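Going by the numbering used here, the sequence shown runs without a break in its numbering and finishes at 313. In this text, a Cβ means the ideal position worked out from N, Cα and C, and glycines have one as well. Source: prediction; values computed, not measured. Everything below concerns the one structure shown next.
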Amino acid sequence: MSRRWRSLRMRLAVTGFLAMYLPVLLLYGVTVYTDYETTTELANGVEVTIESWGTWSPWVTGTVLALGPASALVAWWWAGRAVGPYAEMHERLQHAADAQRRLIEETSHELRIPLSVLATNAEVLLAHPAPTLSVYREGLERSGRAATRLRAVIDELLVDARGRARTIDRQPADLVALVRAVAEDIGVVAGSRGVSVVVTAPARLVAAVDEATVRRAVANLVDNAVRHAPAASPVEVTVEDRGAELAVVVTDRGPGIPADELPHVFEPFWHGRDRPGTGLGLPIARQIALAHGGDVTIAGPGPGCVVTLTLRR
């Protein structure tokens with residue numbers, strides 16, 4: 001708990017202590033310092049009036065003194081219960097704000113690179129004294145690659161924002177058919193390197209999921225596995241029914257992920273050593289899984305890597 005919240009807890013504790021203990025002291029003072037008149041009629045008919053002050057009972061005094069520390073403890077406990085949820089909420093909001101700020105900074109950096117390439121290509125072509133067709137073609141190819149990367153980053157960011165906002169539309173969908181369709185699409189590109197995408201799954205597995213975002217998550221995981229798999233090796237995709245949750249397990253035969261890099265693989269725009277891509281594939285897959293009540297876990301110190309995507313039913 002930060003100093004700010006500890007200070008607030010202390011103020012609340014003092015207020016609570018005074019609210020509980022001051023009435024006790026007031027009642028004790030009234031009891032002790034109130035005078036009493038007692039009239040007694042004797043046998044001879046004489047009335048005797050005796051004035052007396054409140055008695056100093058050791059039990060009453062001891063009880064009042066004991067209530068002081070007890071009131072302080074109760075007030076401190078109550079203040080902690082009152083401040084604790086707000087302190088935790090504040091810390092979560094602060095963490096979310098810091099994460100958003102870092103994401104904006106990283107996003108601006110990632111978008112600045114392809115935009116700079118586009119602007120530079122235009123300047124070079126316009127400043128060229130005698131541009132030929134090959135010069136134009138080379139510049140347009142660079143611009144096309146930059147535009148493709150720019151579009152990929154924007155698409156990934158849109159899906160990531162949707163996953164972070166937990167704005168998913170759960171509808172009944174066949175997860176097996178979805179995974180097979182993704183494997184077929186990526187398998188066309190993987191086949192050029194001799195990498196095969198092998199799907200092991202039951203005939204049909206229907207669950208309420210957001211089909212578009214889950215497709216993106218599965219595609220990110222399979223695409224990562226294909227890009228890091230050795231030539232002429234298989235990438236295995238297994239769909240499992242685990243009762244309360246569904247799992248898509250993607251296994252490759254690549255070099256794996258070094259142990260020192262594993263804690264960072266879910267950070268947006270983070271790249272490992274000699275790893276291509278936008279650095280958003282795994283973070284987005286995890287956000288989508290979290291939006292479905294699941295998660296993405298990795299076991300990949302090498303050789304090979306096993307990535308598991310889980311989704312709550």
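>> By alpha-carbon positions, which one of V195, V206, I154, F17 ends up nearest to N224?
In response: Position 224 of the sequence shown, counted from the first residue, corresponds to residue 224. For N224, the nearest C-alpha among the options comes from V195.
> Tell me which same chain residues have a C-beta within less than 7 Å of the C-beta of W76, skipping the five on either side of it?
Replying inline: As a working mapping, residue 76 is identified with position 76 in the sequence shown. Hits under 7 Å: A13.
>> Please state whether the Cβ-Cβ distance between A244 and R312 is less than 9 Å.
In response: In the sequence shown, the residue the question calls residue 244 occupies position 244. In the sequence shown, the residue the question calls residue 312 occupies position 312. Yes. Within cutoff.
> Alpha carbon to alpha carbon, what distance is there between A72 and A19?
Replying inline: In the sequence shown, residue 19 corresponds to position 19, counting from 1. In the sequence shown, residue 72 corresponds to position 72, counting from 1. One C-alpha to the other measures close to 11 Å.
>> Using the three-state DSSP reduction, which class does L280 fall into: helix, strand or coil?
In response: By one-based count along the sequence shown, residue 280 stands at place 280. In this structure, L280 counts as coil in the three-state DSSP scheme.
> Along the chain, where does the alpha helix (DSSP H) that runs through E261 open and close?
Replying inline: Here residue 261 corresponds to residue number 261 of the sequence shown, with the count starting at 1. Looking at the DSSP string, E261 is not in any alpha helix (DSSP H), and its letter there is neither H nor E.
> What are the boundary residues of the beta strand (DSSP E) that E236 is part of?
Replying inline: In the sequence shown, counting from the first residue as 1, residue 236 sits at position 236. Where E236 is concerned, the enclosing beta strand (DSSP E) stretches over 234-241.
>> Let me check understanding here. Comparing Cα to Cα, which of A183, A203, P303 lies closest to P258?
In response: For the purposes of this step, residue 258 is taken as the residue at position 258 of the sequence shown. When only C-alpha atoms are compared, the closest one is P303.
> By DSSP, does E267 sit in helix, in strand, or in coil?
Replying inline: The residue you call residue 267 lines up with position 267 of the sequence shown. If DSSP states are grouped into helix, strand and coil, E267 belongs with coil.
> What are the uninterrupted segments assigned as alpha helix (DSSP H) that are 4 or more residues long and contained completely in the stretch 151-211, given in chain order?
Replying inline: 175-190
>> Looking at the secondary structure, which residues open and close the beta strand (DSSP E) in which R312 lies?
In response: To locate residue 312, count along the sequence shown from 1; it is residue 312. Here the beta strand (DSSP E) through R312 covers 305-312.
> Among residues of its own chain, excluding the 5 on either side of P230, which ones have a beta-carbon nearer than 7 Å to its beta-carbon?
Replying inline: Position 230 of the sequence shown holds residue 230. Excluding positions up to five away in sequence, the list reads R253, G254.
>> Closer than 8 Å to a non-hydrogen atom of the ligand FAD - does that hold for the CB of I168?
In response: The ligand FAD is not part of this structure, which contains no ligands at all.
>> For the structure I just gave you, are there three or more beta carbon pairs, one from the stretch 283-295 and one from the stretch 232-239, closer than 8 Å?
In response: no
>> Less than 9 Å between the C-beta atoms of L178 and R215, yes or no?
In response: Position 178 of the sequence shown, counted from the first residue, corresponds to residue 178. Position 215 of the sequence shown, counted from the first residue, corresponds to residue 215. Result yes, Cβ atoms of L178 and R215 sit closer than 9 Å.
> In chain order, what residues of the same chain lie with their CB nearer than 6 Å to the CB of A119, ignoring the 5 residues before and after it?
Replying inline: Stepping through the sequence shown from its first residue, residue 119 is reached at position 119. Closer than 6 Å at Cβ, skipping near neighbours: no residue.
> Name the DSSP beta bridge partners of V250, please?
Replying inline: By one-based count along the sequence shown, residue 250 stands at place 250. Note: V250 sits in a beta bridge opposite V237, V307.
>> Please report the straight-line C-alpha distance between V199 and L175, rounded to a whole angstrom.
In response: Taking the first residue of the sequence shown as position 1, residue 199 is located at position 199. Taking the first residue of the sequence shown as position 1, residue 175 is located at position 175. C-alpha separation (whole angstroms): 12 Å.
>> Which residues does DSSP list as the beta-bridge partners of V296?
In response: On the sequence shown, residue 296 is found 296 positions in, with the first residue counted as 1. Looking at the DSSP assignment, V296 forms a beta bridge with L309.
> Hey, out of L140, E88, G80, whose CA is closest to N121's CA?
Replying inline: As a first step, residue 121 is located in the sequence shown; it is residue number 121 there, counting from the start. Ranking L140, E88, G80 by Cα distance to N121 puts L140 first.
> So V124 and V182 are in contact, right, with Cβ under 8 Å, and what is the actual spacing, rounded?
Replying inline: Position 124 of the sequence shown holds residue 124. Position 182 of the sequence shown holds residue 182. Contact doesn't hold; Cβ gap of about 39 Å is too wide.
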